[in-house]
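Chemist:
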Amino acid sequence: MRLAVARGSLVGIEIEPAGEHLWLWFWDMNRGRRSNGFGPDGLSGLDLTSWQQMTGAIVRPEEWSIVRDMDQAYVDAASKKMAAGKGGPLYAPSEGPGLTAASFDGMIG
0 MRLAVARGSL VGIEIEPAGE HLWLWFWDMN RGRRSNGFGP DGLSGLDLTS
50 WQQMTGAIVR PEEWSIVRDM DQAYVDAASK KMAAGKGGPL YAPSEGPGLT
100 AASFDGMIG
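Heads up: the sequence shown begins at 0 in numbering that gives the first Met the number 0, then just goes up one per residue.
Okay, structure coming up:
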């Protein structure tokens, strides 16, 4: 299934229906991400708790574990990008020029 993301953009990757909510949750949490000046900070348990309170979402422990793995892949990819002198953020599908299958693989592996 192709997943349509905010503002009608269509991401050119396949997301299993059972994981769509995790994909959307991750990018929603990512919008509030802080940076430490050297790259993005990882999402904390407090970030998740605040996000849950604001959205009313109920996140099971195994779902939080998956979101944390996605977050680590994002932070690692952003760090590599900055170390290569390319700077700038990695965009969420609804925030930037779009996410290709290759850039997703680069972030998630």
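All residues carry an ideal CB built from backbone N, CA and C; glycine is no exception.
Computed from a prediction, not measured in an experiment: that's the story for all the values here.
#1: Give me, in chain order, the residues of the same chain whose beta-carbon lies closer than 7 Å to that of Glu62; leave out the 5 immediate sequence neighbours on both sides.
#2: Determine the closest residue to Val66 out of Gly38, Leu42, Glu15 and Pro16, with distance taken between C-alpha atoms.
#3: Which of the three DSSP states is assigned to Glu19 in this structure?
#4: By DSSP, does Gly7 sit in helix, in strand, or in coil?
#5: Throw me the rounded Cβ distance for the Gly38 and Ala77 pair, which I believe falls under 8 Å.
#6: Using three-state DSSP, classify Ser34 as helix, strand or coil.
Modeler: The short version:
#1: The residue given as residue 62 occupies position 63 in the sequence shown. Once the five neighbours on either side are set aside, the close Cβ partners of Glu62 are Leu21.
#2: Numbered from 1 along the sequence shown, position 67 holds the residue referred to as residue 66. It is Leu42 whose Cα lies nearest to the Cα of Val66.
#3: The residue labelled residue 19 in the question sits at position 20 within the sequence shown. In this structure, Glu19 counts as helix in the three-state DSSP scheme.
#4: As a working mapping, residue 7 is identified with position 8 in the sequence shown. The pLDDT assigned to Gly7 is 37, lower than 50, so where the model puts this residue is not dependable; a value taken from the coordinates is nonetheless given after this. Note: Gly7 maps to helix in three-state DSSP.
#5: Locating residue 38 in the sequence shown gives position 39, where the first residue counts as 1. Locating residue 77 in the sequence shown gives position 78, where the first residue counts as 1. The pair is a contact, with the Cβ atoms about 5 Å apart (cut-off 8 Å).
#6: One-based indexing of the sequence shown puts residue 34 at position 35. Three-state DSSP puts Ser34 in a strand.
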